[in-house]
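The opening position of the sequence shown corresponds to residue 4 in the working numbering, with each subsequent residue numbered one higher. Backbone N, C-alpha and C define an ideal beta-carbon position, used for all residues, glycine too.
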Amino acid sequence: MQDAQPKTIYLKDYQVPDYLVDSTDLHFELEPKATLVKSQLKIRRNPKAGQGLPPLLLDGVDLELLSIAIDGSILPEVSYQETLQGLSILVDKPEFILEIHNRINPEDNTSLEGLYLSNGMYCTQCEAEGFRKITFYPDRPDVMSKFTTTIVAPKDHPVLLSNGNQIDFGDCEDGRHFATWEDPFAKPSYLFALVAGNLENVEDTFATSSGREVKLQIFTEAKNIGKCEHAMRSLKKAMSWDEEVYGREYDLDIFMIVAVDHFNMGAMENKGLNIFNSACVLASPETATDSAFQRIESIVGHEYFHNWSGNRVTCRDWFQLSLKEGFTVFRDAEFSADMNSRAVKRIEDVSLLRTNQFAEDAGPMSHPIRPDSYIEISNFYTLTVYEKGAEVVRMLHTLLGKEKFRKGSDLYFERHDGSAATCEDFILSMEDANQVNLTQFRHWYSQAGTPILEVTDSFDQATGRYSLKVSQSCPTRANQDQSLPLHIPIKIGLLDVDGNDSILNNGGDIEEVLEVTQPEQLFEFSGFRKKPLPSLLRDFSAPVKVRYPYTGKQLIFLMRNDSDTFNRWDASQRLAFMALTQLQQDYRSGEALQLQPELIEAYRDVLIDSTLDPALVAEILRLPSEQSVAEMNDLIDAEAIVVARDFALKTLATALAPELLQRYTALDHQKPYSPNAKDIAERSLKNTCLSYLAATEKDDALNIVQKQFETAGNMTDSAAALSALINYGSAPKVDSAIQEFYQRWKDDTQVVELWLGLQSSSARNGILANIKNLIKHPSFEIKNPNKVRAVLGGFANRNFKQFHKEDGSGFFFIAEQVVMLDKINPQIAARLVVPITRWQKYSDDLSGKMREALQGILDSGGLSKDVFEVVSKSIN
Ligand SMILES: [Zn+2]
């Protein structure tokens with residue numbers, strides 16, 4: 004819990020560690036309430052840290068210290084001191100063996116950091132600073148050590164796992180058993196892992212490019228053993244992909260994944276022993292949706308790729324988090340794009356970025372991808388560090404091109420293998436490998452905020468010259484320095500009057516990457532007979548907002564003709580935003596609402612176009628979420644947004660009903676389920692049509708929904724029908740569907756999480772009362788982050804309409820839950836509070852209520868560092 008005053012940590016204060024740990028021998032005797040941990044550390048003075056022998060400072064939280072010895076002699080109490088942060092030990096020689104015994108209580112550890120129990124299974128989560136809850140240690144990523152781990156446990160925990168290779172296993176004299184694991188690669192403490200439990204596993208092998216055979220194992224509870232196949236297939240694909248695309252081969256004899264029900268994050272890349280949130284690894288056609296299948300493939304890939312970008316080369320300090328996360332998210336996004344539809348993957352990622360990361364970058368916790376200070380590092384596992392970080396790496400890829408980027412990444416791995424690096428090291432490798440200058444590009448690492456590009460154009464009929472003027476700016480917050488111009492790659496095409504790409508230069512290219520480096524810059528193109536229409540920021544080549552005065556007609560033209568699939572979708576989004584903005588204005592000024600007929604026809608054209616990828620059609624049809632509309636507005640009027648979007652949705656649904664039904668029926672073939680890209684695309688369009696049809700609230704449409712609910716052969720179709728029913732069905736039918744679904748799936752944890760989430764995000768009036776009942780439901784568990792995310796997160800993040808009720812009831816309810824949850828799991832509590840912290844962007848009535856809810860949290864006192872940081876930064 005909170006120290007007197009939570010301390011801010013600054014990047015500029017970084018210092019190399021005073022002492023290094025050459026080897027770490029750990030010995031665990033597992034007991035639910037009293038686990039004994041013995042550590043033996045081979046320590047030496049860091050030659051780079053200066054003269055003398057300062058005290059050895061070890062981090063430690065919630066540990067019961069039993070004894071300390073140096074070179075075999077127990078230390079007298081005068082030689083060490085227990086502090087708020089851990090231990091301070093007086094040292095009189097530059098090299099020694101330190102032995103510490105301490106006790107911990109895994110059963111009562113509800114923070115899910117360090118060693119804890121989940122359904123009777125012991126497991127660990129050490130990133131970022133969880134290892135200090137296991138034993139006293141220099142718990143920082145730049146201290147890398149070779150670990151050997153012995154686990155002793157009763158035999159009702161038959162599986163005993165840790166990092167590396169197992170080197171010993173056997174019985175103890177007292178009836179327990181043990182296993183010893185040795186990790187030959189030096190690693191920081193955050194990559195340590197231990198698992199002990201009654202688990203089964205599926206096994207496979209992978210032959211690496213150099214011909215070594217690696218054993219692959221996925222561990223889970225016996226009841227879930229049939230749900231591991233997809234993750235195993237994904238793992239093998241990821242291993243091949245990393246060899247092909249990055250030349251990276253796996254390095255141990257064994258690679259293990261363990262599924263855990265109680266987990267704060269999605270998954271964790273511990274060396275050789277990845278620990279996964281069950282929801283991110285377990286899937287079967289009956290129980291998992293298409294998006295779950297795709298998420299699993301991407302997360303299995305992500306964690307596997309960390310073996311090089313994160314583990315072999317790790318981060319020097321936590322300010323460099325984006326070094327491993329931005330790069331690895333970029334790698335997993337490319338992997339998913341190669342395995343599935345590239346355009347749809349890009350659309351999904353950009354939607355997430357624009358809706359949520361842009362909002363974060365405009366909010367009170369706004370920070371650069373390499374933050375320069377923090378109170379609690381857990382609060383910086385953000386979309387900015389991960390997703391914007393990945394966009395920054397993608398821009399390097401765009402600027403350098405595929406081959407040069409690979410040369411840069413090869414040099415980076417070669418230079419920094421086995422060490423802790425910085426974002427600067429990464430850029431330097433890209434520069435040195437390719438003899439380029441990325442000085443200006445570095446500003447992306449130190450500047451927060453979403454840059455805005457204003458683009459205007461002109462055409463000289465006499466000379467056939469077309470020019471684009473680009474100005475860049477970046478909104479800064481009161482306490483930030485003025486931002487410097489960034490180096491921004493803008494990929495463009497120019498469409499002629501027939502909708503074809505024009506030739507842009509002597510090389511005959513139809514696309515060009517403009518490098519914007521100045522506050523204002525002019526780009527010229529010649530040889531045009533008529534003024535072309537620009538297709539700007541193709542493939543979303545930079546994480547920026549582009550403003551260009553497109554007319555509705557031009558957007559419809561791009562939507563029909565742009566050869567860049569991403570921009571085709573983007574034109575549809577701009578068009579929808581334009582319409583929704585108009586509807587909001589009309590609503591506020593009391594005018595009758597109406598949707599332009601041209602817009603409806605544009606949607607109809609897309610809907611009936613059978614030459615388009617059905618997944619793309621679905622993405623284009625889907626209106627921007629209320630949340631993303633809110634992000635686009637300078638001042639958020641929640642009620643107007645809801646009314647405008649509801650009106651647009653219902654109008655489109657009614658006008659397009661015949662075509663929607665036609666496409667639905669054509670796609671509703673009862674094929675056996677397969678999570679391949681083509682089938683996923685078809686189901687995506689089918690269920691988008693279904694949800695539009697439901698929005699008409701006509702009996703025949705709702706009968707189709709009911710029928711799909713009753714006959715669905717896979718979870719994608721079943722969940723889509725349930726969701727449509729929950730939002731549009733008649734009350735008795737909704738109740739019986741909810742009950743029926745629960746009775747059928749109540750023993751399947753992942754399906755129950757889905758079921759909870761669908762209810763909490765329902766836009767129906769009166770949902771808050773239902774949510775208050777849901778948190779008393781036997782399936783809900785406040786100590787399980789997945790359940791909290793499903794119910795409370797679903798309400799605060801995915802139920803725009805009901806969360807933003809004008810009486811503030813949604814905010815006060817969430818605030819109450821945050822205070823309670825903070826005592827159990829501070830990390831999860833700090834994430835839950837975020838939607839209330841953006842009060843400054845809301846119109847007066849709501850912003851006042853949000854502030855009041857935040858003040859209530861602050862006044863409750865005794866907050867964790869996690870919640871304190873988020874709330875206090877937003878309220879001041
Ligand atoms: Zn990661």
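* Tell me, which residues are paired with residue 474 by DSSP? -> In DSSP, residue 474 forms a bridge with 457 and 523.
* Burial state of residue 175 (16 or more Cβ within 10 Å) -> It is exposed - the Cβ of residue 175 has fewer than 16 other Cβ atoms within 10 Å.
* Best match in 603, 456, 591 and 592 for proximity to residue 556 [C-alpha to C-alpha] -> By alpha-carbon distance to residue 556, the top candidate from 603, 456, 591 and 592 is 603.
* Asked: What are the start and end residues of each continuous beta strand (DSSP E) run of 3 or more residues lying completely inside the stretch 731-769, in chain order?
  -> Contiguous beta strand (DSSP E) elements confined to the stretch 731-769 do not occur, taking only those with 3 or more residues.
* Alpha-carbon spacing of residue 786 relative to residue 297, whole angstroms -> Roughly 27 Å separates the two Cα atoms.
* Asked: Under the rule that 16 or more other beta-carbon atoms within 10 Å means buried, what is residue 369, buried or exposed?
  -> Here residue 369 is buried. Its C-beta has 16 or more other C-beta atoms within 10 Å.
* **residue 742 versus residue 769 - alpha carbon distance** => Rounded to whole angstroms, residue 742 to residue 769 spans 18 Å at the Cα level.
* Can you give me the start and stop residues for the beta strand (DSSP E) that residue 185 sits inside? => Here the beta strand (DSSP E) through residue 185 covers 180-185.
* Asked: What separation, rounded to the nearest whole angstrom, lies between the Cα atoms of residue 5 and residue 874?
  -> At residue 5, the pLDDT of 42 sits below 50, so the modelled position is not reliable and the matter cannot be decided from this model.
* **Touching by the beta-carbon criterion (3+ pairs, under 8 Å), the stretch 587-594 and the stretch 305-319** => They do not touch, by the three-pair rule.
* Counted within 10 angstroms of its Cβ, other Cβ atoms place residue 600 as buried (16 or more) or exposed -> The residue in question, residue 600, is exposed, as its Cβ has fewer than 16 Cβ neighbours within 10 Å.
* For residue 524, which residues of its own chain have a beta-carbon under 7 Å away from its beta-carbon, when the five flanking residues on both sides are left out? -> Same-chain partners within the cutoff: 473.
* Could you name the residues that DSSP lists as bridge partners for residue 950? => Residue 950 falls outside the range modelled here, since the chain spans only 4 to 879, and no answer is possible.
* Specify the secondary structure class of residue 674 as computed by DSSP and reduced to three states. => Look at residue 674 here: in three-state DSSP terms it is coil, with no helix or strand label.
* With distances taken between CB atoms, is the gap from residue 218 to residue 154 smaller than 8 Å? -> Not closer than 8 Å, so no.
* **At least three beta-carbon pairs within less than 8 Å, the stretch 446-458 to the stretch 482-502** => A contact exists between the stretch 446-458 and the stretch 482-502.
* Residue closest to residue 702, alpha-carbon to alpha-carbon, out of 660, 680, 683 and 721 -> Of the candidates 660, 680, 683 and 721, the one whose C-alpha sits nearest the C-alpha of residue 702 is 660.
* Asked: Given 8 Å as the limit, is there contact between the stretch 163-183 and the stretch 105-118, that is, 3 or more CB pairs closer than that?
  -> The stretch 163-183, when compared against the stretch 105-118, does not touch it at the 8 Å Cβ threshold.
* To do: Inspect the beta-carbon positions of residue 546 and residue 394 and report whether they are closer than 8 Å.
  => Yes, these two residues count as a Cβ contact at 8 Å.
* Asked: Terminal residues of the continuous beta strand (DSSP E) containing residue 173?
  -> Where residue 173 is concerned, the enclosing beta strand (DSSP E) stretches over 168-174.
* Alpha carbon of residue 59 to alpha carbon of residue 846, nearest angstrom -> Each residue's alpha carbon lies about 53 Å from the other.
* Give, in chain order, every unbroken run of the alpha helix (DSSP H) that is at least 4 residues long and sits entirely within the stretch 227-283. => Taking only runs of at least 4 residues, the alpha helix (DSSP H) segments lying wholly in the stretch 227-283 are 232-249.
* Asked: Can you name, in chain order, every residue of its own chain whose Cβ lies under 6 Å from the Cβ of residue 152, other than the five neighbours on each side?
  -> Setting aside the 5 residues that flank it on each side, residue 152 is surrounded in the same chain by 29, 165 and 184, each with a C-beta closer than 6 Å to its C-beta; the list follows chain order.
* To do: Give the range of the alpha helix (DSSP H) segment to which residue 165 is assigned.
  => Run containing residue 165: none in the alpha helix (DSSP H); it sits in the beta strand (DSSP E), 162-165.
* To do: Going by DSSP, name the residue or residues bridged to residue 154.
  => According to DSSP, which records beta bridges pairwise, residue 154 is partnered with 31 and 182.
* Extent of the continuous beta strand (DSSP E) to which residue 207 belongs -> Looking at the DSSP string, the run of the beta strand (DSSP E) that includes residue 207 is 203-210.
* Asked: Quick one: complete alpha helix (DSSP H) runs, 4+ long, within the stretch 318-391?
  -> Listed in chain order, they are 324-342, 345-355 and 361-364.
* Asked: How big is the Cα-Cα spacing for residue 285 and residue 392?
  -> Near 28 Å, if we compare the C-alpha coordinates of residue 392 and residue 285.
* Asked: Quick one: what does DSSP say residue 99 is sitting in, helix, strand or coil?
  -> DSSP places residue 99 in strand when its eight states are reduced to three.
* Continuous alpha helix (DSSP H) stretch holding residue 813: start and end -> Counting along the chain, the alpha helix (DSSP H) containing residue 813 begins and ends at 812-825.
* To do: Could you please give me the residues that DSSP links to residue 492 through a beta bridge?
  => Residue 492 pairs with 518.
* **Contact test: residue 309 Cβ vs ligand 1 heavy atom, cutoff 7 Å** => Remark: the shortest separation between the CB of residue 309 and any heavy atom of ligand 1 falls under 7 Å.
* To do: Taking only heavy atoms of ligand 1 into account, decide whether any of them is closer than 7 Å to the Cβ of residue 328.
  => For ligand 1, a non-hydrogen atom lies closer than 7 Å to the CB of residue 328.
* To do: Check whether the Cβ atoms of residue 249 and residue 328 lie closer than 8 Å to each other.
  => Result no, Cβ atoms of residue 249 and residue 328 do not sit closer than 8 Å.
* To do: Measuring alpha carbon to alpha carbon, tell me which of 447, 635, 411 and 446 ends up nearest residue 434.
  => It is 411 whose Cα lies nearest to the Cα of residue 434.
* Asked: Using the C-alpha atoms, what's the distance from residue 208 back to residue 342?
  -> When rounded, the distance between both Cα atoms is 21 Å.
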